[in-house]
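One structure is given here, and the rest of the page talks about it.
In the numbering used here, the protein residues as written are 2 to 313.
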């Protein structure tokens, strides 16, 4: 047999062996993916289908669901508390998210200056993101901004008098929760810091040679090259802000007060579903929230082509 023939047989045997070994590898990969697939099916897909079906029913959790068609969605048009909850939530998202990203970016720029103990400071500043959505921090926040809280005591030491209970005042309650949201800047800060590390130093060196100031370098080099990271953080934080629940629930005691000033959309959804047992209406509200988040995300992607700059 010629050398070419032997080589052809060897290649053929290896290819057949590869085919035989391919199927066991796929089965093993499916075994490792099984927990995630089960979770996706049982925790996400099936509940979403059930929620969509229940949104067309009158379901009280105590009796079988009764099909009512679009009645739940028509009821939303005249639900003034739902409209108010949307105003509160939009205010929280539109004001809180940019402030949080600005704080995260500025702190990331400071940490990117090569200071000693960077790993320690990075961990410390990331902690608020881990704890900010917890019940414990929300309780602490309510105590700090109460009438006799730490904030008023500190302001009293500075000479301020007749201070309100910030969380019990309809004019200021929402802003205390927005401040808590801004305080949880750790997660976008870490992402910004990673993006800053990817900007070549030669751009800053060339700008320094041309006499550009640090402020000019920030707005003409850092911001344009960081716009993909800013866009990524913006999309994530907008979606997370729309889903905020724990802070408003704990600070207001589950009521959305005072005077519905902290009645977030998710809190009103919870009240409808698990306090008033109107699960059909709550399911319809959940799908409305999905549509709202999808619209905001689509708008972000559409306008990104006007301000997000990539290497190409």
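We treat Cβ as the ideally placed atom computed from N, Cα and C, and that holds for glycine. No experiment lies behind these values; they were computed from the predicted model shown.
Opening and closing residue of the alpha helix (DSSP H) in which residue i lies
i, result
"residue 218", "215-218"
"residue 201", "Element bounds for residue 201: n/a, residue is neither H nor E."
"residue 266", "266-271"
"residue 97", "81-112"
"residue 41", "No alpha helix (DSSP H) holds residue 41; DSSP gives it neither H nor E."
Residue i versus residue j: straight-line alpha-carbon distance, rounded
i, j, result
"residue 100", "residue 29", "46 Å"
"residue 74", "residue 83", "12 Å"
"residue 23", "residue 32", "Below a pLDDT of 50, predicted positions are generally treated as unreliable, and residue 23, at 48, falls in that range; the measurement from the model is reported next regardless. Cα to Cα, the separation comes out at about 15 Å."
"residue 166", "residue 105", "28 Å"
"residue 132", "residue 195", "22 Å"
"residue 162", "residue 147", "15 Å"
"residue 70", "residue 140", "41 Å"
"residue 164", "residue 130", "29 Å"
"residue 201", "residue 299", "31 Å"
"residue 110", "residue 198", "10 Å"
Three-state secondary structure (DSSP) of residue i
i, result
"residue 299", "helix"
"residue 58", "strand"
"residue 68", "strand"
"residue 244", "coil"
"residue 168", "helix"
"residue 117", "coil"
"residue 30", "helix"
"residue 310", "coil"
"residue 259", "coil"
"residue 277", "coil"
"residue 186", "coil"
"residue 130", "helix"
"residue 177", "helix"
Residue i Cβ short of 8 Å to the ligand SAH heavy atom set
i, result
"residue 218", "The ligand SAH is absent from the structure shown, which contains no ligands of any kind."
Cβ neighbours of residue i in the same chain (closer than 6 Å, five flanking residues each side left out)
i, result
"residue 98", "238, 239 and 242"
"residue 134", "247"
"residue 186", "101, 104 and 105"
"residue 175", "262 and 263"
"residue 297", "239"
Cβ neighbours of residue i in the same chain (closer than 8 Å, five flanking residues each side left out)
i, result
"residue 205", "218 and 222"
"residue 235", "98, 102 and 301"
"residue 145", "151 and 152"
Other residues of its chain near residue i: CB distance less than 7 Å, five sequence neighbours each side excluded
i, result
"residue 138", "132"
"residue 171", "259, 260 and 262"
*Do three or more CB pairs link the stretch 267-285 to the stretch 44-60 at distances below 8 Å?*
yes
*Evaluate the contact criterion for the stretch 252-259 versus the stretch 109-128: three or more CB pairs, one atom per stretch, below 8 Å.*
no
_Touch test, the stretch 125-134 against the stretch 208-224, Cβ-Cβ under 8 Å, three pairs minimum_ = no
*Is there contact here, the stretch 34-51 with the stretch 258-268, by at least three beta-carbon pairs under 8 Å?*
no
*asked:* I want to know whether the stretch 168-183 touches the stretch 86-94 - three or more CB-CB distances under 8 Å.
replied: yes
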